[in-house]
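Residue numbers (the numbering used here), protein chains in the order written: chain A, 410 to 612; chain B, 105 to 287.
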C-alpha cells in the first residue's frame, strides 16, 4: 500500500501587502509625532501614581526650578495675543516680526525689560542664555501675575474657554517658591490647577 | 499578472543567447521587521511623552475669613506637617491633644497611618462619607516632591477630604523641632 504523502506547502509568504501597511503606519506615526522641544529650564518632576493626561490645548505651564519661574502657554494665536496685551500693560510695542518670533517660543523666563532683546536672539543663543526667570515678587513688579492674567484674557477672547494652569516643579525645589506661584494663582481666584508629574507604578 | 515569466528556457527556436532572467521577488522579511520596529518605537514615544497631571484644588481665598476656619469636628482632622529631610510629623485633632507621630514617606510609613486613622474616624462617625480630614501644612524646609508625595499618598489611602494650609503656627514648629524634623 503506497503511503499517502501530504504535499508540503511553501513557507514563503507574500509580504508585499504587509510591508505596505507597515510603512503606511510608520509614515503616519512619524508625521504625527511632535518633535520634543528643548526646555529652557530643565526640571526633574516628581513621580506620582495618577494617570490623567494633560490636555493639548488651552493650557499654560508654569515651570518652577532653582527658585525661578518660567512661563509658557500653548497655541501661537494665544501667544501673539498675550504679547500684545503685555505690550499695552508695559508700554511696549512689538512689530509683526517680533510677534511671529515670539509665537514659536515654548516657554521663557525673562523680565519684560529684556524681552525684546530675547525675542531678537536666534535659537542657539537663546539656549545658551541663562534666563533669570520672571519676576514674581509680591508688589508692583509682579510680572508673572500680569502674564497669567493677560494669557487668560487672550484665551477667553480667542477660543472662548478658560485657560488651565499647570505647575511643573522640580523635585528638589523648596516649598516657598511653589507657594509663591500658588499664591499668585490664588490671588486671581484660580483654585484649580494641575501638578505635572511623571508616572510611577503604585506599589 | 505582475509576475514575469522567469522560465527562461523552453524557447529553442531562437539562436540568440539570452541572459537568464533573475526573479523579481525580493525577500521582504527584514524590511517588514524594521518597519514594525520603528512603528513600535514611534507609537510608544508619542503616547509616553505626554506628561501626567495631578489635579489640585485649593480652598477659596476669602478676605473676610482670613483664619480659614474649618467647619469640621476636631476629632476628624489629622494635621500633617512636612518637615526637612523628607520627615513628616502628624497629630490628630487640636495641637497638644494627642501626641505627635513622626513618619516617613513610603508604604509602611504615612500610608499606613492615613489608612488606619481613616478607619478609626469612620468607625467613630459611623458614616463612610464622614471620614478623615487631612490638613497638609508644608513648612519652608520641605520640598516640592514631599508635597506631591503626600497628595499622592492621600489619594492612594482613599482619604475622602484634604486641605492645604500654608500657615504653620509657632507651636507646630516647636513640635517639629522637638521631633527633629525642623532645623
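C-beta atoms are modelled at their ideal positions from N, C-alpha and C, and glycine is treated no differently.
Item: For residue 466 of chain A, collect the residues of the same chain with a Cβ closer than 7 Å to its Cβ; drop the 5 residues on either side in sequence, then sort them by chain order.; Value: 483, 484
Item: What's the gap between the Cα of residue 469 of chain A and the Cα of residue 489 of chain A?; Value: 14 Å
Item: Decide yes or no for the touch test of the segment 499 to 508 of chain A against the segment 520 to 528 of chain A: beta carbon pairs closer than 8 Å, at least 3 of them.; Value: yes
Item: Between the segment 135 to 158 of chain B and chain A, which residues of the former have CB atoms less than 7 Å from a CB of the latter, in chain order?; Value: 135, 136, 139, 140, 142, 143, 146, 147, 149, 150, 153, 154, 155, 156, 157, 158
Item: Which residues in the same chain as residue 538 of chain A place their Cβ atom closer than 8 Å to its Cβ, once the five residues preceding and following it in sequence are excluded?; Value: 527, 530
Item: So if DSSP puts residue 265 of chain B in a beta bridge, which residue, or which two residues, is it bridged to?; Value: B:237
Item: Using a cut-off of 7 Å between C-beta atoms, extract the partners of residue 162 of chain B located in chain A.; Value: 591, 595, 600
Item: By the criterion of Cβ-Cβ separation under 8 Å, what are the contact partners of residue 462 of chain A in chain B?; Value: 154, 155, 156, 157
Item: Can you name the start and end residues of the beta strand (DSSP E) that residue 436 of chain A belongs to?; Value: Taken as a continuous stretch (DSSP letters only), residue 436 of chain A belongs to no beta strand (DSSP E), being part of the alpha helix (DSSP H) at 425 to 441.
Item: Counting only beta-carbon atoms, is residue 244 of chain B nearer than 8 Å to chain A?; Value: yes
Item: Hey, is residue 183 of chain B's beta-carbon within less than 8 Å of any beta-carbon in chain D?; Value: This model lacks chain D altogether, as its protein chains are A and B.
Item: Quick one: list the residues of chain A neighbouring residue 248 of chain B, beta-carbon separation under 7 Å, in chain order.; Value: 455, 578, 579, 580, 582, 584, 587
Item: How big is the Cα-Cα spacing for residue 436 of chain A and residue 126 of chain B?; Value: 31 Å
Item: Kindly indicate if chain B contains any beta-carbon less than 8 Å away from that of residue 469 of chain A.; Value: no
Item: Would you grab the beta carbon distance between residue 162 of chain B and residue 268 of chain B for me? Rounded to a whole angstrom, and I think it's under 8 Å.; Value: 6 Å
Item: Of all the options B:287, B:250, B:284, B:265, which has the alpha carbon lying nearest to the alpha carbon of residue 606 of chain A?; Value: B:250
Item: Pairs of beta-carbons, one from the segment 238 to 255 of chain B and one from the segment 270 to 286 of chain B, closer than 8 Å: are there three or more?; Value: yes
Item: Which word fits residue 253 of chain B, buried or exposed, when buried means at least 16 other C-beta atoms lie within 10 angstroms of its C-beta?; Value: buried
Item: Does the Cβ of residue 461 of chain A have 16 or more other Cβ atoms within 10 Å, making it buried, or fewer, making it exposed?; Value: exposed
Item: How far does the alpha helix (DSSP H) with residue 565 of chain A in it extend, from its first residue to its last?; Value: 552 to 568
Item: Below 8 Å between beta carbons: does that hold for residue 473 of chain A and residue 593 of chain A?; Value: no
Item: Which runs of the beta strand (DSSP E), 3 residues or longer, sit entirely within the segment 122 to 168 of chain B?; Value: 156 to 161
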